[in-house]
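Before any comments, here is the structure.
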Amino acid sequence: MLARAQIWWTIFTMCVAERLAYRGDFVLGTTMRFLPMITQIFLWTAVFASSGNGTMVGFTRNDIVAYYLLTMVARAFSSMPGLASGIAGQIRNGEIKKFLIQPIDLIGFSLLARMGHKLVYYGVAIGPFAFVFWLCRDYFPGWPPGEYMAAFLLSLVLSFLLGFFLEASLGLAGFWTLEISSLLFVYMLFNFFFSGHMFPLEILPEPWRTWVGWMPLKYLAYFPAAVFLQKIPADQLWQEMVLMAAWTLFFVFLSRRLMHAGFRRYSGYGG
Amino acid sequence: MKATLRNRSTMHRPNYLAVFWMFARNSLIRDMTFRANYIIEVVFGLSWALMNLGFYTLIYRLMYADGDGHANIAGWSQYEFFVFIATTILVNSFVEGFFMANAEELSELTRTGGLDFALLKPIDTQFLVSLQRINWSAIPKLLLALALLAYSIPRIEGLTLHPIQFLLYPLYVIMGTLILYSVMIGLAATSIWLGRNQSLYDFWFYITNFSRYPMEIYEGSFGSPLRFVFTYLIPILVVINVPAATLAKPLSATNWPLAGFAVIATIGSLAISRWIFQRALASYRSASS
């Protein structure tokens, strides 16, 4: 047991060190990511200038700006750049073999690697994030009450896990199709539109609104932000949290099943 | 001796049009060889554009829904704004079709030392590295933009177009494309200095992001200086705004100063980017081999 923990710890510190190597590039990249925010603020100011009463689907202009900023926090947890394509790439070029012959679990290893990367990312990104949020503090309605704050923090952790296992499942589909780039493309498109990354999901007309409400994608960006802004009614808050946890569990099991089924049908050739 | 030299130089002077034609032909053959990839790229480009359109359709729906009967973003009504979006798609399809892949390739050429071969060829290096790969998957996007124009223009209330607007529009679209090209090749040339420029594409995306909105939205104590910088210093706000306004808004004398400036901006950006490119080339130190 202890030996096993030690292996995981070694993997984890290795990934942290790997990520720290390019920290300068990192700070710059993170700061630049906020640039589109500027145009969003101007765009929504212009949109609300045309609206008569200053609110749309329950959002004021300030709410919208705060919403976009918060989805950036949520996506810092839930987005997994290169995860699915990385796994599919390992399947295609045969690197996956190392997980078959070494006593390391593919999903477990990837999860630790991601955690390492993410932790370093937060360590570096917290500077730019804090600065931008401080600059934009007037757009926020204030801190949410304790219950919402707890749900918000919990939803961030869950969104990391959900994002990880969802994308890992997509990557593991590579056992069956080898080339998953078109699958990933469809996923990315849906993710952009229906996770709430592009706009608050309240803007969608029915029946889309209801449909998207049941999909797991909304937990990747929309949900944590909506919780912070208290757009989720108190009686639905924990119900939604349970649903989010259920989706996460679903993808945990799905990815494990896909991995084992994939290993069974996998055949590697050459060295 | 002199005569032979001159003779030789005329002999080696390439026919740029023929070379360009060859590039286009080879790229088409290449695109058609990897047909599935081509189709994916087309679908990708189109869905992205349509999604953006869907987003603004939703926003205009919301603005109409509040009941006061008018909806506009900084003075752009829905169909005027659709013309704006069509112009964005159009200019982007030109930039992607002609230059995008090449600019990305330039940093790769620098890193691997492949630029040596481009320098050896008896043809203008900037021409060669800017145009050798034509991306044919941009064509369907171009058609989408034209369809969107044809759909939106008749729906703009109270707009009667003067024939000259149809003449000016393509001209300004080309100028916008050239301005973006200048920014792009200028950025790409920095990779020659820096050795590698991975965040080139990111930076490009963030800069051009400003150009995708009507310039009228940038106002106020922070917006006005921003607008000034991105109109007159780095003229990316001119790229879409001027052609779009030429077609979507009635001809008016108040637009002339900006329209005139767009011409100067195009020539200026091309000249400056050419200068940057040649300065960068001069300091190129071949890599490896």
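Order-wise, the sequence lines are chains A and B. Residues 2 to 272, numbered by my numbering, are exactly what the first sequence covers, in order. Residues 413 to 701, numbered by my numbering, are exactly what the second sequence covers, in order. Ideal Cβ placement from N, Cα and C applies to all residues, glycine included.
Would the stretch 30-42 of chain A and the stretch 173-193 of chain A be scored as touching if the rule is three or more Cβ pairs under 8 Å? no
Taking CB distances under 8 Å as the criterion, tell me whether T40(A) reaches chain B. yes
Cβ-Cβ separation, L173(A) to S256(A) (assumed contact under 8 Å), whole Å: 6 Å
Between the stretch 629-637 of chain B and the stretch 653-661 of chain B, do three or more beta carbon pairs fall short of 8 Å? no
According to DSSP, is W215(A) helix, strand or coil? Correct three-state label for W215(A): helix.
Check the DSSP bridge columns for S439(B) and list the partner residues they point to. In DSSP, S439(B) forms no bridge with anything.
Rounded C-alpha distance that separates L159(A) from V503(B): 41 Å
With H, G and I counted as helix, E and B as strand and the rest as coil, what does DSSP make of F60(A)? strand
Other residues of its chain near L205(A): CB distance less than 7 Å, five sequence neighbours each side excluded: V213
Using three-state DSSP, classify W177(A) as helix, strand or coil. Looking at W177(A) - three-state DSSP - the assignment turns out to be helix.
Rounded to the nearest angstrom, how far is the Cβ of E508(B) from that of A550(B), given a contact under 8 Å? 5 Å
Please return the same chain residues whose Cβ sits closer than 6 Å to the Cβ of T416(B), not counting the five positions on each side in sequence. Because the pLDDT of T416(B) is 47, which lies under 50, any placement of that residue in the model is unreliable, and the number read from its coordinates should be weighed accordingly. Same-chain partners within the cutoff: there are none.
Among residues of its own chain, excluding the 5 on either side of F689(B), which ones have a beta-carbon nearer than 7 Å to its beta-carbon? Q538, I597, A601
Within 10 angstroms of its Cβ, does F191(A) collect 16 or more other Cβ (buried), or is it exposed? exposed
Counting only the same chain and skipping the five closest in sequence on each side, list residues whose C-beta sits under 8 Å from that of F224(A). Apart from sequence neighbours up to five positions away, the residues of its chain that approach F224(A) with a beta-carbon distance below 8 Å are A75, S156, S160, G197, I233, E241, M245, ordered along the chain.
Any beta carbon from chain B within less than 8 Å of P37(A)'s own beta carbon? Chain B, which has a Cβ nearer than 8 Å to the Cβ of P37(A), makes this yes.
Where does S681(B) land, buried or exposed, given buried means 16+ other C-beta within 10 angstroms? buried
With H, G and I counted as helix, E and B as strand and the rest as coil, what does DSSP make of N484(B)? When secondary structure is reduced to three states using DSSP, N484(B) falls in the strand class.
Pairwise C-alpha distance: A694(B) and M413(B): A caution first: M413(B) carries a pLDDT of 42, below 50, which makes its placement in the model too unreliable to give a value.
Under a Cβ-count criterion, where at least 16 other Cβ atoms within 10 Å of its own Cβ denotes burial, should R447(B) be classed as buried or exposed? exposed
contact_flag[the stretch 516-525 of chain B, the stretch 559-578 of chain B] where n(CB pairs < 8 Å) is 3 or more: Contact check between the stretch 516-525 of chain B and the stretch 559-578 of chain B: fewer than three CB pairs, one atom from each, fall below 8 Å, which does not count as touching.
Would DSSP call S489(B) helix, strand or coil? strand
Please classify P655(B): is it buried, with 16 or more other beta-carbons within 10 angstroms of its beta-carbon, or exposed? buried
Mapping DSSP to helix, strand and coil, what is H198(A)? coil
Comparing the C-beta of S515(B) with each C-beta of chain A, is any distance below 8 Å? The question names Ser, but residue 515(B) is Ala in the sequence shown. For A515(B), the answer is no, since every Cβ of chain A falls outside 8 Å of its Cβ.
Please list the segments of the alpha helix (DSSP H) lying wholly inside the stretch 561-625 of chain B, counting only runs of 4 or more residues, in order along the chain. 575-606, 612-621
Verify whether the separation of the beta carbon atoms of L590(B) and T678(B) is less than 8 Å. Taking C-beta atoms as the reference points, L590(B) and T678(B) count as a pair closer than 8 Å.
Beta carbon proximity, L202(A) to chain B, threshold 8 Å: no
Would DSSP call R257(A) helix, strand or coil? helix
Quick check on F200(A): buried or exposed, where buried means 16 or more other Cβ atoms within 10 Å of its Cβ? buried
Beta-carbon proximity list for L167(A), same chain, < 7 Å, skipping 5 on both sides: P217, F252
Any beta carbon of chain A sitting closer than 8 Å to that of A683(B)? no
Buried or exposed for I97(A), going by 16 or more other Cβ atoms inside 10 Å? It is buried - the Cβ of I97(A) has at least 16 other Cβ atoms within 10 Å.
Among Y696(B), T643(B), R691(B), which has the Cα closest to the Cα of A671(B)? T643(B)
Where does W45(A) land, buried or exposed, given buried means 16+ other C-beta within 10 angstroms? buried
Check each candidate in L21(A), T249(A), M57(A), T72(A) and name the one with the smallest Cα separation from F165(A). T249(A)
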